[in-house]
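Engineer:
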Amino acid sequence: MSLLLPQITKRWSINCPSSVRAALVRNHTTGSCHRLYHGSSSTKLRQVSSSMEADGYNRQSLNLYTAHTSSEEMLVGSLERMASRVNFEDMNQEEPKRRHIVDLGSADGSNSIKTLRFAINQLHQPNHRIMPLHVTFEEQPASDEEKLREVLESHDDWFKKNNVTRSILIKSFYKQLFEPNSVDFFMSYICLHWLDTSLADDIAEWKLLGDEQNDHSLGFTCINESTAPVSLARVWKRDLADVHLAKFFALRANELRPGAEALLVMVSHPHEFICPPDGGASPLTRAMQNCVAQGLLREKVLRRTIIPYFLRTVDDVKAAFDLASSIEINNLDGSTTTPGEFLELVDVEAFPAITGGGSQSIESVAELFWSIHSGAVKTAGPSEEELECIRRETMQVFADIYDSKKGVPSTFVACVIRRRTRNQWSK
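If you want our numbering, it's the 1-based position in the sequence shown plus 825.
#1: Residues in the same chain with beta-carbon distance under 7 Å from Ala-1144, minus the five sequence neighbours each way, listed in chain order, please.
#2: If we ignore side chains and look at the alpha-carbon of each, how far apart do Thr-1022 and Ala-1071 end up?
#3: Could you name the residues that DSSP lists as bridge partners for Phe-962?
#4: If you drop the 5 nearest sequence neighbours on each side, which residues of the same chain put their C-beta closer than 6 Å to that of Thr-990?
#5: Going by DSSP, what residue range makes up the alpha helix (DSSP H) through Asp-1067?
#6: Out of Gln-1185, Phe-1223, Glu-1210, Ser-1208, point me to the one whose CA is closest to Ala-1191's CA.
#7: Would Lys-986 be called buried (16 or more neighbouring beta carbons within 10 Å of its own) or exposed?
#8: Since I believe Ala-1175 is in contact with Ser-1051 (beta carbons under 8 Å), could you give me their beta-carbon distance rounded to a whole number of angstroms?
#9: Whole angstroms are fine: how far does the CA of Ser-1186 sit from the CA of Lys-922?
#10: I'd like to know if the segment 1153–1162 and the segment 1202–1215 are in contact, where contact means that at least 3 CB-CB pairs between them fall below 8 Å.
#11: To the nearest angstrom, how far is the alpha carbon of Pro-966 from that of Val-1171?
#12: My assumption, with CB atoms under 8 Å, is that Glu-1080 sits in contact with Pro-1005. Please give the rounded CB distance.
#13: Is Asn-912 helix, strand or coil when you go by DSSP?
#14: Under three-state DSSP, which class holds Trp-907?
#15: Measuring straight from C-alpha to C-alpha, what distance separates Val-911 and Thr-1246?
#16: Do Leu-1020 and Pro-1095 have their C-beta atoms closer together than 7 Å?
#17: Under 7 Å, do Arg-1137 and Met-1091 count as touching if we go by C-beta distance?
#18: For a test of the three-state rule: what should DSSP assign to Gly-1104, helix, strand or coil?
#19: Going by Cα to Cα distance, which pick from Ser-979, Gln-947, Leu-994, Thr-961 is closest to Asp-969?
#20: Report the CB separation of Ala-1239 from Leu-1065 in whole angstroms; it is logged as a contact under 8 Å.
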């Protein structure tokens, strides 16, 4: 039987400039349309979606593991429900089916393995039947697949001992990844705040979204900064952040088996990486402004620098979830479906965390920050000398405004979604 992989429906706007075209997603309840910025997906833009310098991020990523531990209760709840569902489905089977778990945004795999070990221990509790598993580690195309493979191979004995097979998938999670109704559990940690940059001709245009009459582009590099125009932040939320997350929800709804769940943890707002304690611009914006003032950075590089992520609150996640039911999926057989209609929001909550602090030096936290954001800076076209100036100034800004003993306060938002066995009108 041939595999029919669905694609997102696109309705092209004729009123947008060619460089900022918009796909229109029909809201079946109100009849309104939601714009999804779309254009050619060059290699350069695909790489922006990660924006991260891999070596530095891998060295410092354990500074972010609180996002995993703080949401453990939600993870345990999802796994308990998965175990109960699987035990019921396999009740009359001589051999249990191998179930499919997917880790979205695995990076180099280090944090993924720690969380997977915890998850498998939960599933293999004495009151649960041993569950054969296949785990897919997904990462976006610009990442270091060999490093991820190396980390996973170092745990070969553990995989074999626990009857877990594995695979690596290098593909954007803003695309269809798996056959419909084929995934038993998704988990994703601290990567869904990144937007889908394959849907843009020039990422720098997101800094204005066509409103060249009100140019504040020298004052911010991230839309969640206090120095970014409030009106522009609203446009980002409506036309980018809400629609991109809704699209993600709809794609995963199509892939989840009935009754299956996903745990999704995102960087949230407020976060002192972006909104420092003194109320000013982010460390990156200050560093670039300092370099411009010193004559060591061309002004146009700062004008073109925009970090393509949106730090969502609980209400933002709820808004995107509500929108997901209006996202149409086109199947290759010509039919269209709206799988988001089958989703249920089981839980969503925000929780505080600290990046660094204690024995962690502020230099290591600054290196983590730079590794996360430097890719987007490179996309703006600085020379090697300019890039080094920005890096050096960023390190100094961190030393000036943050307390190494306290670390950098942050917030994460976590949600659990479930695919219903029936649509919402039949509950």
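The beta-carbon is built from N, C-alpha and C at its ideal position, and this holds for glycine as well.
Structural biologist: Taking the definition as stated:
#1: Position 319 of the sequence shown, counted from the first residue, corresponds to residue 1144. Once the five neighbours on either side are set aside, the close Cβ partners of Ala-1144 are Asp-1067.
#2: The residue you call residue 1022 lines up with position 197 of the sequence shown. The residue you call residue 1071 lines up with position 246 of the sequence shown. Each residue's alpha carbon lies about 15 Å from the other.
#3: One-based indexing of the sequence shown puts residue 962 at position 137. According to DSSP, which records beta bridges pairwise, Phe-962 is partnered with Asp-928, Ile-993.
#4: On the sequence shown, residue 990 is found 165 positions in, with the first residue counted as 1. Only His-959 meet the Cβ criterion.
#5: To locate residue 1067, count along the sequence shown from 1; it is residue 242. Here the alpha helix (DSSP H) through Asp-1067 covers 1067–1080.
#6: Position 366 of the sequence shown, counted from the start, is the residue given in the question as residue 1191. Measuring from the Cα of Ala-1191, the nearest candidate turns out to be Phe-1223.
#7: The residue labelled residue 986 in the question sits at position 161 within the sequence shown. Result: exposed.
#8: To locate residue 1051, count along the sequence shown from 1; it is residue 226. To locate residue 1175, count along the sequence shown from 1; it is residue 350. Their Cβ separation, rounded to whole angstroms, is 19 Å, which puts Ser-1051 and Ala-1175 out of contact at 8 Å.
#9: As a working note, residue 922 is residue 97 in the sequence shown. As a working note, residue 1186 is residue 361 in the sequence shown. So the alpha carbons of these two residues sit roughly 47 Å apart.
#10: no
#11: Here the question's residue 966 lines up with position 141 in the sequence shown. Here the question's residue 1171 lines up with position 346 in the sequence shown. Rounded to the nearest angstrom, the two C-alpha atoms are 31 Å apart.
#12: Within the sequence shown, the letter at position 255 stands for residue 1080. Within the sequence shown, the letter at position 180 stands for residue 1005. Between Pro-1005 and Glu-1080 the Cβ distance is about 6 Å, and since that is below 8 Å, they are a contact.
#13: The residue labelled residue 912 in the question sits at position 87 within the sequence shown. Correct three-state label for Asn-912: helix.
#14: Within the sequence shown, the letter at position 82 stands for residue 907. Note on identity: in this sequence residue 907 is Met, with Trp being the wrong assignment. Met-907: helix per DSSP, three-state reduction.
#15: Against the sequence shown, residue 911 aligns to sequence position 86. Against the sequence shown, residue 1246 aligns to sequence position 421. Near 14 Å, if we compare the C-alpha coordinates of Thr-1246 and Val-911.
#16: On the sequence shown, position 195 is the one that residue 1020 refers to. On the sequence shown, position 270 is the one that residue 1095 refers to. Cβ distance not < 7 Å, so Leu-1020 and Pro-1095 don't count as in contact.
#17: Position 312 of the sequence shown, counted from the start, is the residue given in the question as residue 1137. Position 266 of the sequence shown, counted from the start, is the residue given in the question as residue 1091. Contact annotation: Arg-1137 and Met-1091 have beta-carbon atoms nearer than 7 Å.
#18: One-based indexing of the sequence shown puts residue 1104 at position 279. The answer is coil: DSSP assigns Gly-1104 none of H, G, I, E or B.
#19: As a working note, residue 969 is residue 144 in the sequence shown. Asp-969 has its Cα closest to that of Leu-994, out of Ser-979, Gln-947, Leu-994, Thr-961.
#20: As a first step, residue 1239 must be located in the sequence shown, where it is residue number 414. As a first step, residue 1065 must be located in the sequence shown, where it is residue number 240. Rounded, the Cβ-Cβ distance is 21 Å, inconsistent with contact.
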